[in-house]
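Have a look at the structure below before the remarks.
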Amino acid sequence: MDEASACALCRSTPEGWELVARPLVPPRFLEAGVFELDPLGTGGATVALCPACAEAVGQPMLLAEDVSEFSRAVDLHRQAHSPAAGTEQQAARVRLWHRALHLGIRALATELAALPSPAAPKPEPDQMGLFVSRSARLARVETSLAEARLDTAAELAAEVVRRYDLPEARYLSAQLGPLRTRVSGLAGAPEELSMLARHPEKLLDRTRLTIGLFAALGRGLHRLAAEAAERQWQTVIAGRPAGWHWLRAGEPERARAALEAAVDKGQLPGTCLALLGDIAFHDGRAEEARELYRRAFCAEPDGVPAERIEDEVVRGLLDEARGLELEPPAECVPMVGYAMGVFRLPEQPDGQGECREFHTELLEGRRTNDPWHRRRMQQLALGLFEQIFEAGRL
């Protein structure tokens with residue numbers, strides 16, 4: 042039997058059908074982490090399978106009943122197409138495949154290495170691979186970029202080039218050296234690092250990188266900007282809080298500390314308090330988040346990035362104020378929040394007179410001549426009155 046023209050699994054030869062090239066392990070098993078990453082270093086080789094085995098291999102076979110069905114399918118196929126003389130060898134290969142499903146692909150490789158096998162085609166640069174996907178091969182490079190370890194990222198990219206020759210790795214390997222030199226020269230210039238972090242496309246061509254690699258580069262640049270600001274005791278960089286850079290770098294705890302320091306200094310209180318609210322909202326502390334949002338609008342209404350607030354309900358307060366033609370709308374957000382029960386009235390007496398005045402104006406509807414707006418204002422006035430009354434602040 043010509044081994045090169047036989048099915049790699051059941052060893053049958055084509056009789057009225059053609060062999061098809063397929064990965065022996067379907068990519069979905071590999072991406073789910075069932076097998077370890079490329080233990081053989083094949084770099085994406087495929088094997089020749091008959092149509093029946095190719096279809097069987099393409100099915101999920103992680104459960105015992107799946108393996109049993111697969112064994113039955115191969116057995117029926119072998120009886121129909123394989124010469125009787127090869128029955129024992131074929132049966133051994135089927136058992137070996139079953140073992141591989143449970144013990145790992147290395148067991149299969151060890152025993153098949155002693156047997157003739159079809160010649161594998163050369164790996165294609167952009168092929169998903171036999172045991173790993175493109176994302177898995179670049180995962181360690183992404184991690185190093187996100188952690189701003191550009192030296193390590195360059196070494197890992199070069200290793201990926203040697204093993205798999207991926208185009209993204211080749212581009213990174215060539216570009217990270219000059220980028221590392223440029224960034225290291227800006228260690229004492231957080232403002233310049235901040236601008237680079239906001240526009241990483243000025244450093245590398247995003248079309249030549251995967252989405253994950255480009256995002257990791259951005260996180261790493263934000264980390265470098267935040268670290269540079271921290272070394273110089275700066276809480277604001279080029280008009281943005283240093284804590285914002287920590288957030289973009291995926292460091293919420295360090296972001297919280299930097300943002301609180303900026304608030305204590307009175308720097309960009311609207312932006313910083315809103316970002317602190319976003320952090321609390323993501324942590325599931327909704328009530329604390331809304332209090333931070335309220336403080337942000339009270340401290341610096343025009344500085345709050347209202348359209349980017351994570352809490353959709355709070356974000357809608359500005360739309361409500363605009364819809365009622367309240368001017369200026371950002372300054373009216375706290376009052377609208379009190380009236381709608383989104384914000385709790387502050388404990389301190391400051392501002393209660395303003396609440397009562399706002400309630401009177403809502404009730405009288407003096408801000409608009411539109412009938413719908415007047416009715417809506419009266420509805421809000423009732424809600425605000427209940428808030429003030431329940432708090433005993435009339």
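So the number in the working numbering is just where the residue sits in the sequence shown, counting from 1, plus 41.
Yeah, the Cβ is synthetic: ideal placement off N, Cα and C, and Gly gets one too.
Leu423 has its alpha-carbon roughly 28 angstroms from the corresponding atom of Phe322.
Here the alpha carbon of Arg331 sits roughly 20 angstroms from the alpha carbon of Gly307. Residue pairing by DSSP places Leu423 opposite no residue, since no beta bridge is assigned to it. Cβ atoms of Ala189 and Ser235 stay farther apart than 8 angstroms, at about 14 angstroms.
If you ignore the 5 residues before and after Leu254, its C-beta comes within less than 8 angstroms of the C-beta of Leu179, Val182, Glu183, Leu186, Glu209 and Leu213, all in its own chain and listed in chain order. Taking the Cα positions, Ala279 is about 8 angstroms away from Pro231.
Along the region 169 to 244, the alpha helix (DSSP H) occurs as fully enclosed runs of 4 or more residues at 175 to 187, 191 to 205, 208 to 225 and 231 to 239, listed in sequence order. Looking only at Leu333, Leu217, Lys243 and Phe426, the smallest Cα-Cα distance to Val304 is reached by Leu333. Each residue's CA atom was taken as its position, placing Ala315 and Arg349 some 9 angstroms apart.
In this structure, the CA atom of Gly226 is about 35 angstroms from the CA atom of Gly318. Annotated three-state conformation of Arg281 is strand, per DSSP. Taking C-beta separations shorter than 8 angstroms and ignoring five residues to either side along the sequence, the partners of Pro282 in its chain run Thr276, Ala299, Leu300, Ala303, Gln308, Leu309, Thr312, Cys313 and Leu316, following chain order. For Cys339, the enclosing alpha helix (DSSP H) covers residues Ala327 to Ala340. Just so you know, the alpha carbons of Ala290 and Gln273 end up roughly 19 angstroms apart. Beta-bridge analysis with DSSP links Ala257 to no other residue. Assignment of Ala62 by DSSP, reduced to helix, strand and coil, places it in the strand class. Taken through DSSP and simplified to helix, strand or coil, Leu316 comes out as helix. Met381 is not a Cβ neighbour of Leu365, given a cutoff of 9 angstroms. Taking 9 angstroms as the cut-off, the Cβ atoms of Pro375 and Phe384 count as close. With distances taken between CA atoms, Leu288 lies nearest to Arg260 out of Ala270, Arg260, Glu271 and Ala269.
Residue pairing for Leu300: DSSP places it in no beta bridge. The alpha-carbon separation between Arg335 and Asp352 amounts to approximately 12 angstroms. A Cβ-Cβ separation of about 5 angstroms places Glu361 in contact with Val377 under the 8 angstroms criterion. Judged by DSSP secondary structure, Leu358 falls within the alpha helix (DSSP H) whose first and last residues are Glu353 to Gly364.
Just measuring C-alpha positions, the residue of Tyr205, Glu294 and Ala215 sitting nearest Ala194 is Ala215. Nearest in C-alpha terms to Glu271, of all of Ala228, Leu244 and Glu242, is Ala228.
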